Amino acid sequence: MKHVVVTGASSGIGAATARRLAQDGHRLSLGARRTDRLTGIATGALTHPLDVTRAESVARFVEAAIAAHGPIDVLVNNAGLARGVERIASATGEAWREMIETNILGVLEVTRRVLPAMVERNTGHIVMVGSLAGYESYEGGSVYCATKRGLRAITEALRYETLGQGIRVTSVDPGMVETEFSVVRFRGDEVRAKKVYTGMRPLSPDDVATCIAFALALPEHVNIDVIRVTPTDQASPGRVARKTS
Ligand SMILES: NC(=O)c1ccc[n+]([C@@H]2O[C@H](COP(=O)([O-])OP(=O)(O)OC[C@H]3O[C@@H](n4cnc5c(N)ncnc54)[C@H](OP(=O)(O)O)[C@@H]3O)[C@@H](O)[C@H]2O)c1
286 MKHVVVTGAS SGIGAATARR LAQDGHRLSL GARRTDRLTG IATGALTHPL
336 DVTRAESVAR FVEAAIAAHG PIDVLVNNAG LARGVERIAS ATGEAWREMI
386 ETNILGVLEV TRRVLPAMVE RNTGHIVMVG SLAGYESYEG GSVYCATKRG
436 LRAITEALRY ETLGQGIRVT SVDPGMVETE FSVVRFRGDE VRAKKVYTGM
486 RPLSPDDVAT CIAFALALPE HVNIDVIRVT PTDQASPGRV ARKTS
């Protein structure tokens with residue numbers, strides 16, 4: 286059984302992944318800014334503050350994880366967000382920075398802290414939580430889509446950089462998943478967030494956790510490069526079948 290680190294485990298896909306991997310018997314280290322939300326997700330898990338946009342916070346989190354459960358076997362880079370739907374012409378730029386700092390620089394910071402020990406041990410698995418937004422852009426999503434497309438470039442480079450070193454690299458790229466994602470995007474407007482899923486059945490966080498657990502459970506010589514997973518009702522970011530009743 287493995288030591289799995291999950292970033293952004295306080296909600297949504299990260300929390301569901303933590304629950305699922307605990308059921309599968311793995312040892313877990315869970316990080317997020319809202320630490321109160323981490324307790325009770327998985328018994329025996331380390332829960333520790335983590336802000337992926339702050340290098341010192343990342344360093345402390347990784348140290349605590351290793352102290353609690355030993356060398357890290359799997360890193361699930363899940364922490365991420367979309368903020369706002371402003372078009373480029375009307376944006377202030379603040380939300381752009383937040384998304385780039387979290388979804389790109391945050392992922393890089395955590396990865397660079399965890400990867401060297403994996404390379405040294407000649408084993409490890411880095412899982413990225415990408416998005417369908419990394420394949421096709423939409424109006425009001427320029428920078429969120431850019432971060433997820435950028436993540437694909439980083440994941441591809443990482444696969445090449447670690448080739449021959451026993452490291453697996455997987456990207457799990459979901460379409461619409463009902464989590465707190467839209468509430469965060471709409472800055473706490475829950476009514477507007479709920480409307481995103483009107484008339485269609487989105488993925489659940491557990492559906493995505495199942496994909497992550499699948500990639501982890503395969504033998505060490507099997508690398509799943511990408512799992513692109515969408516609701517049956519969604520074919521692309523803009524093509525969603527909605528029932529009108
Ligand atoms: N929901 C979707 O439709 C969807 C689709 C495709 C991809 N995704 C991706 O899935 C991932 C998880 O999102 P979700 O849907 O589960 O949304 P969520 O319910 O809002 O969860 C996001 C998680 O990220 C954490 N996080 C955000 N900023 C952080 C930071 N600076 N440092 C540490 N943790 C941070 C949050 O924890 P704290 O706020 O407590 O720090 C929270 O646990 C994201 O990368 C997102 O882009 C989501």
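Here the sequence shown stands for residues 286 to 530, where the numbers follow our numbering. C-beta: ideal position from N, C-alpha, C; glycine also. Quick caveat: nothing in here was measured; it's all calculated off a predicted structure.
For Asp458, the uninterrupted beta strand (DSSP E) run begins and ends at Ile452 to Pro459, by DSSP. Around the beta-carbon of Phe466, 16 or more other beta-carbon atoms lie within 10 Å, marking it buried. Exclusion of the five residues before and after Ala330 leaves Leu313 and Leu315 as the residues of its chain whose Cβ lies within less than 6 Å of its Cβ. C-alpha of Ala431 to C-alpha of Ile298: approximately 21 Å in a straight line.
The Cβ atoms of Val361 and Ile497 lie closer than 8 Å to each other.
Where His354 is concerned, the enclosing alpha helix (DSSP H) starts and stops at Ala340 to His354. Around the beta carbon of Tyr445, fewer than 16 other beta carbons sit within 10 angstroms, so the residue counts as exposed.
Contact holds between the segment 449 to 467 and the segment 501 to 511, because three or more Cβ pairs, one in each stretch, are under 8 Å apart.
Cα atoms of Met485 and Ala500: separation of roughly 27 Å, rounded to the nearest angstrom. Note on Pro401: under 16 other CB atoms within 10 angstroms of its CB, so exposed under the neighbour-count rule.
With a cutoff of 7 Å, Glu465 counts as near ligand 1, since its C-beta is closer than that to a heavy atom of the ligand. With respect to Pro516, Ala301 sits apart: the two C-beta atoms are not nearer than 8 Å. With a threshold of 7 Å, the Cβ atom of Ala294 counts as near ligand 1, since some heavy atom of the ligand is closer than that. Under DSSP, Pro522 takes part in no beta bridge, so it has no partner. A straight-line Cα-Cα distance of about 13 Å links Tyr429 and Val469. In the DSSP annotation of this structure, the continuous segment of the alpha helix (DSSP H) that includes Met403 starts and ends at Val392 to Arg406.
Checking the 7 Å criterion, the Cβ of Pro459 is within range of a heavy atom belonging to ligand 1. In the assembly as shown, Leu448 is an exposed residue. Its beta-carbon has fewer than 16 other beta-carbons within 10 Å. By the Cβ rule, the segment 322 to 336 does not count as touching the segment 437 to 444, because fewer than three pairs are nearer than 8 Å.
Comparing C-alpha distances from Ala294 to each of Arg345, Val359, Asn363 and Ile357 shows the shortest one belongs to Asn363. If you draw a straight line from the Cα of Val507 to the Cα of Gly355, it comes to about 24 Å. With a threshold of 7 Å, the Cβ atom of Ala380 does not count as near ligand 1, since no heavy atom of the ligand is closer than that.
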